[in-house]
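Report on the structure given below.
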Amino acid sequence: MKNNTSPVEGPDGLVYTARLPLSSATLNYLATVIRGHLKKIGSRWRALPAGKIAGIVLAVLRCDQRPGDLAGGNAVHRTTITRWVREAVGLLAARAPRLDRALKKIARTGGGVVLLDGTLIRTRRRTGTANRKNYSGKHKCHGLLVIALTDDRGRLLWLSAARPERSSEITACRHDQLTAKLRAAGLGAIADLGFVGLDDSGPDTDPTVITGYKAARNRPLTRGQKLSNKALAAVRAPVEHGFAHLKNWRVLGKVRTDPKWATILVRALLVLTNREVSR
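Be aware that the sequence shown starts at 819, since it is given in our numbering, and climbs by one per residue.
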């Protein structure tokens, strides 16, 4: 009997196919965006058609596929895949809604309240001076803070810039002038106890940011305050669904880039998430 010691995958490597858990509408949308960009810059040729490029980009974002693995299966170089991903993410991030425009759109449609919350985007442990400011004592890991606004159904309306996790949620909201823009649009926001103290309106005006009651060591909550916190928690539930839809993109499992690129990434995923949810 002769032993066959030749490699199973052959000289070109072993290639497999997998199902991408996304709708064809999202794929067609991204392909249309890429085609429009190629026409705008006058690019006459790419190694792969726009639809194929869109599928590769979505595989990286949704399944966190390595560019090197996708490059081998599509007969292109790894740096080409990385360039396509960064190009597509930049095009999508440019289509993300601005804060003032998102609030005006909600006001025009008759909405009166938005949901406000923050979330942690995990990152790799950074070195040097950037290590400590990205460490979250609450979550015991390194990450970036992102503030989000959703409507009452949990649909993401706006995402803030990604900031070091050491920054507080109130500081991030004040940096974006969130309360002033809410007042200008005539809207209110419902938030959790992490945003207590954000609203700086006077005692005679209606609050812009509504939060629950926080207990103190020598001042327990009354029964009415507990019922109020329970009611606010039920109203705030859809914002958690919005974050769950966003974090279905596995590329956010552990971001391996700088915060500036992370901001562009989460805003691009906001556009794709809304496309998937609205279908």
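Heads up, the beta-carbon is just placed ideally off N, CA and C, and yes, glycines get one too. Just so we're clear, the structure is a prediction, and the values are computed from it rather than from any experiment.
Rounded Cβ spacing between residue i and residue j (contact assumed at less than 8 Å)
i: Ala1007; j: Ile1028; result: 7 Å
i: Leu929; j: Val964; result: Residue 929 is actually Gly in this sequence, not Leu. Contact flag wrong, Cβ pair sits at about 22 Å.
i: Ala966; j: Arg1085; result: With 8 Å as the limit, Ala966 and Arg1085 do not qualify as a contact, their Cβ atoms being about 11 Å apart.
i: Val938; j: Gly961; result: Residue identity differs from the one stated: residue 938 is Leu in this sequence, not Val. Correct: roughly 4 Å between the Cβ atoms.
i: Leu879; j: Trp1067; result: 5 Å
i: Cys991; j: Leu1016; result: 6 Å
i: Ala872; j: Leu909; result: With a Cβ gap of about 11 Å, Ala872 and Leu909 do not count as contacting.
i: Leu1045; j: Val907; result: With 8 Å as the limit, Leu1045 and Val907 do not qualify as a contact, their Cβ atoms being about 45 Å apart.
Among the options, the one whose alpha carbon lies nearest that of residue i
i: Leu1064; options: Trp1079, Thr927, Thr897, Arg1093; result: Arg1093
i: Ser842; options: Arg862, Val833, Ala836, Gly869; result: Gly869
i: Arg984; options: Gln995, Val875, Tyr953, Trp976; result: Tyr953
i: His957; options: Thr835, Gly972, Arg940, Lys1032; result: Arg940
i: Thr1026; options: Leu832, Val931, Pro982; result: Val931
i: Gly1004; options: Lys923, Asn892, Thr900; result: Lys923
i: Val1014; options: Asn1036, Gly1042, Arg1035, Asn1047; result: Asn1047
i: Thr927; options: Asp970, His855, Leu856, Arg943; result: Asp970
i: Gly891; options: Glu1058, Thr835, Thr900, Leu856; result: Thr835
i: Gln1043; options: Ala1034, Arg1035, Gly1030, Asn1036; result: Gly1030
Per-residue burial, residue i [other beta carbons within 10 Å of its own, 16 or more giving buried]
i: Val1073; result: buried
i: Gly828; result: For Gly828, the predicted model reports a pLDDT of 47, less than 50, meaning its position is unreliable; a value from the coordinates is still stated below. It counts as exposed.
i: Arg837; result: exposed
i: Gln883; result: buried
i: Ile859; result: exposed
i: Ala1002; result: exposed
i: Gly1060; result: buried
i: Pro825; result: Low per-residue confidence applies at Pro825: pLDDT is 49, beneath 50, and the placement is therefore not dependable enough to give any value.
i: Pro1038; result: exposed
i: Ala1052; result: exposed
i: Ala877; result: buried
i: Arg1054; result: buried
i: Arg1097; result: exposed
i: Leu1011; result: exposed
i: Thr1040; result: exposed
Residue i and residue j closer than 9 Å at C-beta
i: Thr968; j: Pro1056; result: yes
i: Leu1090; j: Leu977; result: no
i: Leu866; j: Val894; result: yes
i: Val1095; j: Arg973; result: yes
i: Thr1098; j: Ala911; result: Nothing can be reported for residue 1098: it is not among the residues displayed for the chain, which extend from 819 to 1097.
i: Leu1050; j: Lys999; result: no
i: Leu832; j: Leu917; result: no
i: Lys1032; j: Pro982; result: no
i: Ala979; j: Thr1081; result: yes
i: Leu848; j: Val875; result: yes
Near the ligand ADP: residue i beta-carbon under 8 Å from a heavy atom
i: Ala1034; result: Absence of the ligand ADP is noted for the structure shown, with no ligands found whatsoever.
Interface flag, residue i vs chain C, CB-CB below 9 Å
i: Gly860; result: No chain C is part of this structure, which consists of one protein chain only.
Ignoring anything shorter than 4 residues, give me the alpha helix (DSSP H) runs that lie fully in the stretch 982-1068, in order along the chain. 987-993, 996-1003, 1041-1064
Completely contained alpha helix (DSSP H) runs for the stretch 859-932, where each covers 4 or more residues: 868-881, 885-892, 896-911, 917-926
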